[in-house]
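In terms of my numbering, the sequence shown is numbered consecutively and its last residue is 308.
Below you'll find the structure, written out as structure tokens, and then a few comments.
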Amino acid sequence: HSVGMQVPKVSERMQSDRAKKAPLTELMLRAARFYKEQLKASPKAIDYLKNRGVSGEVARTFGIGYAPDGWQNLGAAFDDYAAAELQSAGLVIRNEQGRLYDRFRGRVMFPIHSQAGRVIGFGGRIMTSDKTRPKYVNSPESEIYNKSKVLYGISFAKHAIAANDMCFLVEGYTDVISMYRAGVQNVVSSSGTSLTTDQIRLIKRYTPNITILYDGDPAGIKASFRGIDMILEQGMNVKVVLFPDGEDPDS
58 HSVGMQVPKV
68 SERMQSDRAK
78 KAPLTELMLR
88 AARFYKEQLK
98 ASPKAIDYLK
108 NRGVSGEVAR
118 TFGIGYAPDG
128 WQNLGAAFDD
138 YAAAELQSAG
148 LVIRNEQGRL
158 YDRFRGRVMF
168 PIHSQAGRVI
178 GFGGRIMTSD
188 KTRPKYVNSP
198 ESEIYNKSKV
208 LYGISFAKHA
218 IAANDMCFLV
228 EGYTDVISMY
238 RAGVQNVVSS
248 SGTSLTTDQI
258 RLIKRYTPNI
268 TILYDGDPAG
278 IKASFRGIDM
288 ILEQGMNVKV
298 VLFPDGEDPD
308 S
């Protein structure tokens, strides 16, 4: 008798995991498109980016968008604003009185992509120096977004990291974009979290060499020392470039 080929079974848990994640990635994509459209309609946000040297081309590459002021703008992008998934995705918040509102309001939006290039979260930055509001608001963790396992810019940088056999590690979204704009594409950031072992292992898939570019302020120095130890523990090579206090890759 002939031996039939064994077809590997995709476990039920994996299938249900994928099914659960699919609607969230769909929602994130739709939100990202909405924010991109809003950017086109906001001279204020376009000026803000242009003043920081972010051209239309760079904005398109990174999918940068804009979340307008107002409480329920996403209602224009989603038929069912009250859908629980919008809250699971971290796009909409329900307050104690049961009122729903957009998490991101009046912010330039940086989509966070998975290694495969899917939108899994957002970082939103205010355009003013208003000290009463947090400079950044980030997506909360969700079924699809696990901060400690994600590097900002990895989907754009992975080929350049492998080609150059080196990864530059910076602190924030805008640092990645500044470096990219200057022609350095093998750059990622652990934005929104201090560096984790999972993030280092993600880089290790493409290169054993990391150069840390952090701010020269006490917090940046401390973070870079912590990073050195963790990178060495993974048997990788590390160099550090610290910027003069008050300067960072963005400047």
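Think of the CB as a built atom: it goes at the ideal place given N, C-alpha and C, for glycine as much as any other residue.
Just so we're clear, the structure is a prediction, and the values are computed from it rather than from any experiment.
**OP:** Determine the DSSP secondary structure at L208, reduced to helix, strand or coil.
**Re:** coil
Original post:
Would you say the region 219 to 228 touches the region 189 to 200, given that touching needs at least three Cβ pairs under 8 Å?
Top reply: No, because fewer than three Cβ pairs between the region 219 to 228 and the region 189 to 200 fall closer than 8 Å, the two stretches do not touch.
Subject >> Member of L81, D126, E304 and R90 whose CA lies at the smallest distance from the CA of A102 >> reply: D126
**OP:** Can you tell me which of the three DSSP states R90 falls into?
**Re:** helix
Original post:
Which residues mark the beginning and the end of the beta strand (DSSP E) in which D159 is found?
Top reply: Looking at the DSSP string, the run of the beta strand (DSSP E) that includes D159 is L157 to D159.
Original post:
Which whole-angstrom value is the C-beta distance of V194 and F161, which I expect to be below 8 Å?
Top reply: 6 Å
Subject >> V115 to A89 span [Cα, whole Å] >> reply: Computed Cα separation, rounded: 16 Å.
**OP:** Under 8 Å Cβ to Cβ from Y158, same chain only, skipping five residues before and after it: list those, please.
**Re:** Result list for Y158: W128, Q129, V149, I150 and N152, in chain order.
Subject >> Start-to-end residues for the alpha helix (DSSP H) that takes in S235 >> reply: Boundaries of the alpha helix (DSSP H) around S235: Y230 to R238.
Original post:
Is the region 117 to 126 touching the region 134 to 145 in the sense that three or more CB pairs, one from each, lie closer than 8 Å?
Top reply: no
**OP:** Keeping to the same chain, check which residues put their C-beta closer than 7 Å to that of G180; ignore five residues upstream and five downstream.
**Re:** F167, I169, Y193, N195, Y230, S248 and G249
Original post:
Is R117 helix, strand or coil by DSSP?
Top reply: helix
Original post:
Applying the criterion that 16 or more other CB atoms from any shown protein chain within 10 Å of the CB defines a buried residue, is Q242 buried or exposed?
Top reply: buried
Original post:
Buried or exposed: which applies to K296, given that a residue is buried once 16 or more other Cβ atoms fall within 10 Å of its Cβ?
Top reply: exposed
Original post:
In angstroms, rounded to a whole number, what distance separates the CA positions of L270 and L299?
Top reply: 6 Å
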